[in-house]
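Residue numbers (this note's numbering), protein chains in the order written: chain D, 11 to 347; chain A, 82 to 611.
Heads up, the beta-carbon is just placed ideally off N, CA and C, and yes, glycines get one too.
Below you'll find the structure, written out as C-alpha cells, and then a few comments.
Structure, rendered in C-alpha cells:
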C-alpha cells in the first residue's frame, strides 16, 4: 500500500482531531454529575454560509453533551432560517443578529442565547465607490428583502444618514445570485459572506469598502449569534445550556484548531473549498465571545434598525422579549473568561 | 254674612287638608307636602351641577397629570441626551489620546510627549463629569475607569521608554497593549452610548404611549362627561318639565270647570308638593262650586217661584185695569182714565220683566228644555216682523227683511229662537231713533246666521263684551232714557248657546250695530248648558 505525504498529513489531522474532540468529550464527562438533557435530539441549520463553522463542527461536542441525534436541516440563510427557528422546525441556529431581531420585534418565538463571533460580512463595490455614503442612488444586490445582506446594509446606510428604503436601489433576482450579478458588473455593490468574499478576492473582483471584522463600529459587535426556539429553551433548560456550552467550545476550536475545523467542514460536506474555509477561519474573529457584550450588540442593531424603520420595538423591549443570557453567563464562568 | 263665613272657611280649608295629609302619614316639611323622603328639586339641581363640576375638575386633573407626565418624560429624554453627549465626549477623548500617543511615537520630542501626558491627565475630568449615571451603569463606568487606569499606566511607560530612547520597545508596547486597551475602552464607551440611546428610545416610546393614553383617557372622560351631562340634563328636565306639563293640563281642566280629575305627579319634590296643593285646592274648589251651584239653583228656584207668585196678582191688576178702561164697570171718568192707563202700562212693563227673570232663572236652574221640531226660517222671521212692525212704525223706522228664498226646513226650538230674534229686533227699534232696522238671514255651511242691523248709536268696544251678561247695560245717557233690566241679551245668549251656537256684535259708536247669532241648521240634541 502506497501512502504519500498528503495522505499521511490527512491521517495525522484526523487522528489529532479525533484525539482533541475525545479529550474535550472526556473532560465534559469528567465535569461532574450534571443531569442529562431533557431531549437527545437537536436540529441545526445547514446552509452555504461557512462563517458559522462552530455549528458545523459541534456535533461531536453535542454527542459528548448527551445528544445522540444531531440533525442538520437544509435551510436558506436569512429570514427564513429565523422563521424556521421560531416555528420549531429548527431548535438552534447560528445567525446574523439583524434578521433575528426583526422576528423578535414581530413577536416570533426566538430567543438569543449567546454571541459567537464578530463580523464576517464584507461590502464589495465597484471602482468609484469609496464609502457607504457613496451608495446613494446605486444598485445593491441582495438575495431578498430582510435577508442578512439587506438588514446589515440597511443598518450601515442608516448609520451614515442614508434612508435605505429610498436612497438605495435594491436588486433581487431569483434566478441569478447577487454575487454573479456583481461579478458580471450588473450591480454596483454586493455584501458577501464567507465563502463569497474569499472568492471575490481570489478573482480580484471589486474592492472592499467595509470589512465588518476590522472596521469600526461593526468590528465591535457580534455578527452571528446563537438563537434557539423559545419553547425549546423554556422546556429544555439543561439541553439548552449544554448546546450553548458545546457551541462555545466549538467556537474556541475555530480559534485553536482552524485547520482541523476547516477539514471537518469539507469532510462533512458543509463546504467544498477547504482553502476558503481556512481563510474564513483566519479572517473571522472567533475569539471575542468572552469579551464582547451580546446585549450591547442587540441594543446597537436594534437602534440602527429602528432608525431604518425596520423594527418598531425599543431595544429594551427586544432584549426583554428575545434574549436570555443565563446559560451564557453560566457557561462563561465554567469555561473561563 | 253667610258668604263671608263660607269664604273664611274656604281659606282655612287648604291648611286643614295639609293637616289631614300630615295625619295620613305624608310628611310635611317647610310647607311642602311629601318633601323629605326624597331629594328636593333644589337638591337634585345642586347634585347635577356638582356632578358636572366634578367631571370638569376630573378632566382638568387628568389633563394636568398628563401634562406633568409629559413634562417628566421630556426631562428624562433631555437628561439622556446630556448623558449621551457626555459619553460621546469620553469616546472622543479616548481616540484623541490614542492619536496623541501615536503622534508622540512618530515624532518623539518633549513637546509631543508632554502633550500626550496632558491629554491623559485631562481625561479624568470627562469621567468625573459623568456623575449622573444610572445605578445600573455604575459597574460599566467602573470598568471604564479601571481600563483607563491601565491605559494611563501603559502610556506612561511608553512615554518613559521614548524618553529613554527605547523607541522600538515603546512601539512594541503600543501595538501589543495600548491598541487592545484603546479598543476595549472604545467598546465600553460604545456600550454606555448604546445604553443611553436605548434608554432614550424607550423614553420616547414611553412618552408616546403616555401621550396616546392621555389622549384616550381625556377623550373617554370628556365623552363620558358629555353623555352623563346629557343623561342628567334629560333626567332633570324630565323630572321638571313633565310634572309642569301635567300640572299645566290639570290647571286647564280646572279652569274649564272640571274638578273631578286629580293631578298625578310622581315627584316627591317641590313639584310633587305643588301638585298636591293644586289637588287639594281643586277639591276645595269643587266643593265650593257645588255649593255655589246649589245656591244658584235655590236662587233660580226662588226667582221662578216668586215670578210665578208675582205674575198671578199682576195679571189680575192688568185684567181689571183693562176691564175698567173697556168700560165694563161703566165709563170711567176722564180724570181716572189716565191713571188707569198708566197702571196698565207699568204693569205690562213689570210683567215683561218678570217673564224675563223667569226665563233666565229657568235656564240657570236647568229647567228650561228646548222643544226641538222642524221650522221654517222664513216663517220665523216673518212672525217676528209682524210682532215688531207696529213698534217700528210708531218710531217711523224702516224695518226690512232679507231672507234667501227656498231655505230648507230647519230644526230647533222655533219659539225660543223667535224670542231671541224678537229681543234683538226689539232692542234695535228701542235704541234707534231714526233710520232703518234690517233682519237678515244667511247660510254658512250647516248653520244659519241671523243678523239684526240698525242705525242706532252703536256700542262702545269696551262694552261689547259685557252687554251679554245678566243685568248689564251700556252706561250712557241713551240707555238711561230707555227702560230695561239688562236681561234680554243674556237670555238671547243662553238660548243661542242651548242651540250649540254663538252670538256676537259688530259695532262702532255713531255707526249703528249689528247683532248676529249662528245656530245649527238642524239641531238633533240640545247642547249642554255652560
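Under the 8 angstroms criterion on CB atoms, residue 268/A is classed as interfacial with respect to chain D. Membership of residue 302/D in any alpha helix (DSSP H) is not indicated, and neither H nor E is assigned to it by DSSP. In this structure, residue 573/A places its C-beta atom within 8 angstroms of the C-beta atom of residue 501/A.
Within a 10 Å sphere around the beta-carbon of residue 78/D sit fewer than 16 other beta-carbons, which makes this residue exposed.
Contact check for residue 67/D against residue 274/D passes: the beta carbons are separated by less than 8 angstroms.
By the Cβ criterion, the stretch 505-523 of chain A is in contact with the stretch 536-546 of chain A, since at least three pairs of Cβ atoms, one from each stretch, lie closer than 8 angstroms. Counting along the chain, residue 184/A sits inside the alpha helix (DSSP H) bounded by residues 122-187.
The three-state reading of DSSP puts residue 265/A in helix, counting H, G and I together.
Leaving aside the five residues that flank residue 525/A on each side, the residues in its chain whose CB is nearer than 8 angstroms to its CB run, in chain order, 599. In the assembly as shown, residue 175/D is an exposed residue. Its beta-carbon has fewer than 16 other beta-carbons within 10 Å.
Scanning chain A for C-beta atoms nearer than 9 angstroms to the C-beta of residue 306/D yields 268, 271, 272, 275 and 276, reported in chain order. Check the Cα spacing between residue 231/A and each of 263/A, 401/A, 315/A and 300/A: the tightest is with 263/A. For residue 237/D, the enclosing beta strand (DSSP E) stretches over residues 232-239. Shortest Cα-Cα distance from residue 325/D to any of 339/D, 305/D and 214/D involves 305/D. Here residue 318/A is exposed. Its C-beta has fewer than 16 other C-beta atoms within 10 Å.
Under the 8 angstroms Cβ criterion, the stretch 430-447 of chain A does not count as touching the stretch 473-488 of chain A, having fewer than three qualifying pairs.
Residues are counted here when their Cβ sits less than 7 angstroms from a Cβ of chain D; for the stretch 279-295 of chain A these are 279, 282, 283 and 286, given in chain order. When DSSP reads this structure, residue 200/D sits in a beta bridge with 134/D and 151/D. In the DSSP assignment, residue 257/A falls outside any beta strand (DSSP E) and carries neither an H nor an E. Our two residues, residue 292/D and residue 268/D, have alpha carbons roughly 7 angstroms apart in a direct line. Here residue 313/D has 325 as same chain residues with Cβ atoms under 7 angstroms from its own Cβ, once five neighbours each way along the sequence are excluded. Contact of residue 112/D with chain A by beta-carbon distance below 9 angstroms is absent, the smallest such distance being about 16 angstroms. Short of 7 angstroms from the beta carbon of residue 256/D, and not among the five residues preceding or following it, lie these beta carbons of its own chain, in chain order: 68, 71, 72 and 75. Among the residues of chain A, those whose CB is under 7 angstroms from the CB of residue 303/D are 272, following chain order. By the criterion of a C-beta distance shorter than 6 angstroms, residue 81/D is surrounded in its chain by 53, once the five residues flanking it on both sides are discounted. Below the 8 angstroms Cβ cutoff, chain A contributes no neighbours of residue 74/D, its closest Cβ being approximately 33 angstroms away.
Classified as buried, residue 497/A has 16 or more neighbouring CB atoms from the shown chains inside 10 Å of its CB.
Contact between residue 405/A and residue 413/A holds, since their C-beta atoms are separated by about 6 angstroms, short of 8 angstroms. Interface annotation, residue 227/D: in contact with chain A, CB-CB separation under 8 angstroms.
If you draw a straight line from the Cα of residue 288/D to the Cα of residue 101/D, it comes to about 28 angstroms. In the three-state reduction of the DSSP assignment, residue 324/D falls in the coil class, being assigned neither a helical nor a strand state. Among the bridge pairs identified by DSSP, residue 84/D is matched with 56/D. Per DSSP, the unbroken alpha helix (DSSP H) holding residue 436/A starts and ends at 415-445. Taking a beta-carbon distance threshold of 8 angstroms, residue 326/D counts as an interface residue toward chain A. Residue pairing by DSSP places residue 525/A opposite 528/A in a beta bridge. Within chain A, the residues whose beta carbon sits less than 7 angstroms from that of residue 313/D are 275, 278, 279 and 282, listed in sequence order.
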